[in-house]
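To keep things clear, I will list the structure first and then write my remarks on it.
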Amino acid sequence: MIPAAGAARPAGVRASGPAALRALAAAFAHLQDFERFLGGLQGALDQAGWFGSVKLEAGVTQGELALFPGGELTLPLAGGRGPHGVLRAAGRDEIRTFGPEDLHLLAGLAEFLAAVLDRAREWRDAERHRQLLRFLLNQAPVGIVAYDEDHRVAAGNDLARRWLGGGEDLWAALLAALPEEVRRGGEVPRAGFHLRAEGRLVFGELRPAAGVEGAGGVCVLVMTDLTPEQARLLDALRRETYRCQSRHLRLSFALLESPRIVGGLLQLLPGLRALLPAAVTAGPYDANRVGLVFPECGRPAAVAQLRRLQPLMAGAPVRAGLAELERDAQEPDALLEAALGGLRPLPEAVRPALLLHDDDAAVNDALALVLGRDFEVVKSTDVEQTRRLLGGRNFDALITEVELRAASGLDLARLARELQPGIQTFFTTASEMPRSAEGDQALANTVVFQKPFNTLAFAQILKEKLGV
1 MIPAAGAARP
11 AGVRASGPAA
21 LRALAAAFAH
31 LQDFERFLGG
41 LQGALDQAGW
51 FGSVKLEAGV
61 TQGELALFPG
71 GELTLPLAGG
81 RGPHGVLRAA
91 GRDEIRTFGP
101 EDLHLLAGLA
111 EFLAAVLDRA
121 REWRDAERHR
131 QLLRFLLNQA
141 PVGIVAYDED
151 HRVAAGNDLA
161 RRWLGGGEDL
171 WAALLAALPE
181 EVRRGGEVPR
191 AGFHLRAEGR
201 LVFGELRPAA
211 GVEGAGGVCV
221 LVMTDLTPEQ
231 ARLLDALRRE
241 TYRCQSRHLR
251 LSFALLESPR
261 IVGGLLQLLP
271 GLRALLPAAV
281 TAGPYDANRV
291 GLVFPECGRP
301 AAVAQLRRLQ
311 PLMAGAPVRA
321 GLAELERDAQ
331 EPDALLEAAL
341 GGLRPLPEAV
351 RPALLLHDDD
361 AAVNDALALV
371 LGRDFEVVKS
381 TDVEQTRRLL
391 GGRNFDALIT
401 EVELRAASGL
411 DLARLARELQ
421 PGIQTFFTTA
431 SEMPRSAEGD
441 QALANTVVFQ
451 KPFNTLAFAQ
461 ILKEKLGV
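Numbering-wise (this note's numbering), the sequence shown opens with residue 1 and increments by one.
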């Protein structure tokens with residue numbers, strides 16, 4: 001420490017170098033808190049003992065001071081970010097002359113203080129910007145966290161922090177939520193996941209920041225609360241189930257499932273809704289499954305709607321499960337369980353199933369050869385087996401000969417309509433339809449093919465009738 005020129009240090013007054021350094025270190029600990037940093041700097045200057053007093057007056061300009069204050073040196077504090085105030089130094093007890101070394105010391109101190117005040121002001125402004133950004137992000141209905149290349153939080157809102165557990169290390173919380181195969185990767189991938197937070201179903205999507213693929217960490221996490229959408233889906237299932245039951249109407253419920261998150265069903269949901277009738281409710285069941293409620297629709301009509309959705313889901317490995325009210329279950333929860341239990345690949349689930357019944361196995365084989373390209377075909381030559389099949393699984397259509405040896409094809413058609421109200425019936429016959437079929441509502445809208453017939457034309461009519 002350099003004392004003022006020509007001045008001996010008064011007795012009992014001594015510079016406390018270690019105390020000044022400790023005070024300076026304490027000040028730098030608050031560099032991001034501008035006001036506390038200023039106070040800490042003043043405390044360090046008070047401990048230094050270079051002059052009788054050294055004051056840092058923030059926001060004061062030299063023009064506001066006396067031109068020639070007695071016994072004081074006054075220097076402006078000005079850095080790259082503009083003026084910060086002035087630095088004033090005075091002797092200890094008497095008005096005295098300052099030497100060149102005093103001016104040199106004070107000028108160096110002013111430069112140092114201006115530089116650190118520049119940085120402190122930058123940090124103060126950055127903190128203000130962060131607070132403003134956090135305020136703006138808190139207005140968003142989704143959770144948002146941006147991570148820098150070192151996986152530190154660059155920006156985020158309170159909603160995302162709560163959903164990630166509210167801890168200090170939000171990157172570790174994110175990794176814990178990601179699937180195992182994603183965590184094993186070296187770089188930050190595009191990934192999706194879902195978690196339960198505060199009793200809510202939350203879907204999160206992690207994306208590398210635009211233009212920095214492979215940068216090793218810069219990424220943005222967006223989290224969406226699926227609970228309201230999920231609740232609307234389940235409420236629609238309950239409401240429509242009881243309404244259709246009370247009015248003796250049909251209803252079907254479908255679940256679509258895909259293991260893919262990025263480019264999966266949740267991201268396709270707006271497109272799916274656009275292709276469906278307004279009466280159909282479509283919503284998330286969880287991050288991998290979408291549910292669809294088809295009020296006043298039997299299984300065939302619901303399957304036809306699912307076929308319309310196939311092109312949109314062509315790039316995703318989708319499975320589908322379908323359940324029909326009364327046929328598969330009588331309660332909303334049971335319908336949901338039936339759809340979950342019946343999940344199978346979508347092309348297989350929407351492929352129409354035909355039940356062929358004829359006394360002649362060769363006739364069944366000939367039809368199956370042509371129809372097997374577009375339909376799932378089940379053949380039977382035994383009446384009891386046909387009855388068991390109709391009672392055990394769903395079919396889109398029954399194709400039967402009218403004149404059977406062991407039973408009447410008309411009776412089989414009536415049984416099929418009784419067990420499966422939405423099933424369509426196609427008759428083959430070498431003669432005219434019996435008069436007993438006239439006016440029978442159970443046989444309404446049936447299609448009759450006179451033998452011999454063109455099997456290719458027969459297949460084309462089937463596809464048109466079944467919406468293939």
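For every residue, glycine included, the Cβ atom is placed at its ideal position computed from N, Cα and C.
For residue i, three-class secondary structure by DSSP
{"i": "Val448", "result": "strand"}
{"i": "Gln424", "result": "strand"}
{"i": "Tyr147", "result": "strand"}
{"i": "Arg190", "result": "coil"}
{"i": "Cys244", "result": "helix"}
{"i": "Gly315", "result": "coil"}
{"i": "Phe253", "result": "strand"}
{"i": "Ala406", "result": "coil"}
{"i": "Ala279", "result": "coil"}
{"i": "Ala160", "result": "helix"}
{"i": "Phe135", "result": "helix"}
{"i": "Pro259", "result": "coil"}
{"i": "Pro270", "result": "helix"}
{"i": "Gly85", "result": "strand"}
{"i": "Val142", "result": "coil"}
{"i": "Leu343", "result": "coil"}
{"i": "Glu473", "result": "Residue 473 falls outside the range modelled here, since the chain spans only 1 to 468, and no answer is possible."}
{"i": "Ala78", "result": "strand"}
{"i": "Ala236", "result": "helix"}
{"i": "Ala413", "result": "helix"}
{"i": "Ala197", "result": "strand"}
Integer Cβ distance of residue i from residue j, believed to fall under 8 Å
{"i": "Trp171", "j": "Val202", "result": "The Cβ separation is near 17 Å, so there is no contact."}
{"i": "Cys244", "j": "Leu325", "result": "6 Å"}
{"i": "Leu356", "j": "Ile399", "result": "5 Å"}
{"i": "Leu354", "j": "Glu376", "result": "7 Å"}
{"i": "Leu292", "j": "Val350", "result": "Not confirmed; about 12 Å, so no contact."}
{"i": "Leu137", "j": "Ala155", "result": "7 Å"}
Cα-Cα separation between residue i and residue j, rounded to whole angstroms
{"i": "Val212", "j": "Asp328", "result": "For Val212, the pLDDT reaches just 48, beneath the cut-off of 50, and the residue's location in the model is therefore unreliable, leaving the point undetermined."}
{"i": "Glu57", "j": "Pro83", "result": "11 Å"}
{"i": "Gly204", "j": "Ala304", "result": "32 Å"}
{"i": "Val142", "j": "Glu149", "result": "23 Å"}
{"i": "Glu257", "j": "Arg319", "result": "5 Å"}
{"i": "Ala140", "j": "His194", "result": "19 Å"}
{"i": "Arg308", "j": "Arg190", "result": "29 Å"}
{"i": "Val222", "j": "Phe253", "result": "30 Å"}
{"i": "Gly539", "j": "Lys463", "result": "Residue coverage of the chain in this structure runs from 1 to 468, which leaves residue 539 outside it and unanswerable."}
{"i": "Thr425", "j": "Val447", "result": "7 Å"}
{"i": "Arg238", "j": "Pro300", "result": "21 Å"}
{"i": "Pro134", "j": "Ala176", "result": "This sequence places Arg at residue 134; Pro is not what is there. Rounded to the nearest angstrom, the two C-alpha atoms are 24 Å apart."}
{"i": "Phe395", "j": "Lys465", "result": "14 Å"}
{"i": "Gly214", "j": "Pro208", "result": "Note that Gly214 has pLDDT 48, beneath the 50 cutoff, so the model's placement of it is unreliable and the number below is only indicative. Each residue's Cα considered, the two are about 8 Å apart."}
{"i": "Lys451", "j": "Arg289", "result": "47 Å"}
{"i": "Val370", "j": "Asn454", "result": "11 Å"}
{"i": "Arg200", "j": "Ala339", "result": "23 Å"}
{"i": "Asp333", "j": "Val218", "result": "43 Å"}
{"i": "Ala278", "j": "Leu251", "result": "15 Å"}
{"i": "Asp365", "j": "Leu206", "result": "53 Å"}
{"i": "Arg414", "j": "Pro317", "result": "38 Å"}
{"i": "Gly341", "j": "Glu348", "result": "15 Å"}
{"i": "Ala197", "j": "Leu159", "result": "11 Å"}
{"i": "Glu401", "j": "Asp358", "result": "6 Å"}
{"i": "Leu367", "j": "Asp411", "result": "22 Å"}
{"i": "Phe294", "j": "Val280", "result": "5 Å"}
Span of the beta strand (DSSP E) around residue i
{"i": "Ala173", "result": "It is not in any beta strand (DSSP E) - Ala173 instead sits in the alpha helix (DSSP H) that spans Leu170 to Ala177."}
{"i": "Gly392", "result": "First-last for Gly392: Val383 to Gly392, but that is the alpha helix (DSSP H), not the beta strand (DSSP E)."}
{"i": "Asp225", "result": "Cys219 to Asp225"}
{"i": "Gly479", "result": "Look at the range of the chain in this structure, 1 to 468, and you will see that residue 479 is not part of it."}
{"i": "Pro295", "result": "Arg289 to Pro295"}
{"i": "Gly203", "result": "A small correction: the amino acid at residue 203 is Phe; Gly does not occupy that position in the sequence shown. Arg200 to Pro208 is the span of the beta strand (DSSP E), which, as asked, contains Phe203."}
{"i": "Leu398", "result": "Ala397 to Glu401"}
{"i": "Glu376", "result": "Glu376 to Ser380"}
Opening and closing residue of the alpha helix (DSSP H) in which residue i lies
{"i": "Arg152", "result": "Arg152 -> no alpha helix (DSSP H), and no H or E assigned at all."}
{"i": "Val350", "result": "Per DSSP, Val350 belongs to no alpha helix (DSSP H) and is neither H nor E."}
{"i": "Glu331", "result": "It is not in any alpha helix (DSSP H) - Glu331 carries neither H nor E in the DSSP assignment."}
{"i": "Arg308", "result": "Arg299 to Leu309"}
{"i": "Glu464", "result": "Thr455 to Leu466"}
{"i": "Ala366", "result": "Ala361 to Leu371"}
Using 8 Å as the cut-off, can you tell me whether the region 374-390 makes contact with the region 424-433, which would need three or more C-beta pairs spanning the two stretches below that distance? no
Stretch-stretch touch, CB-based, cutoff 8 Å, three pairs: the region 216-236 with the region 276-285: Cβ pair count under 8 Å is three or more, so yes.
Evaluate contact between the region 268-276 and the region 309-318, counting only Cβ atoms and requiring at least three cross-stretch pairs below 8 Å. yes
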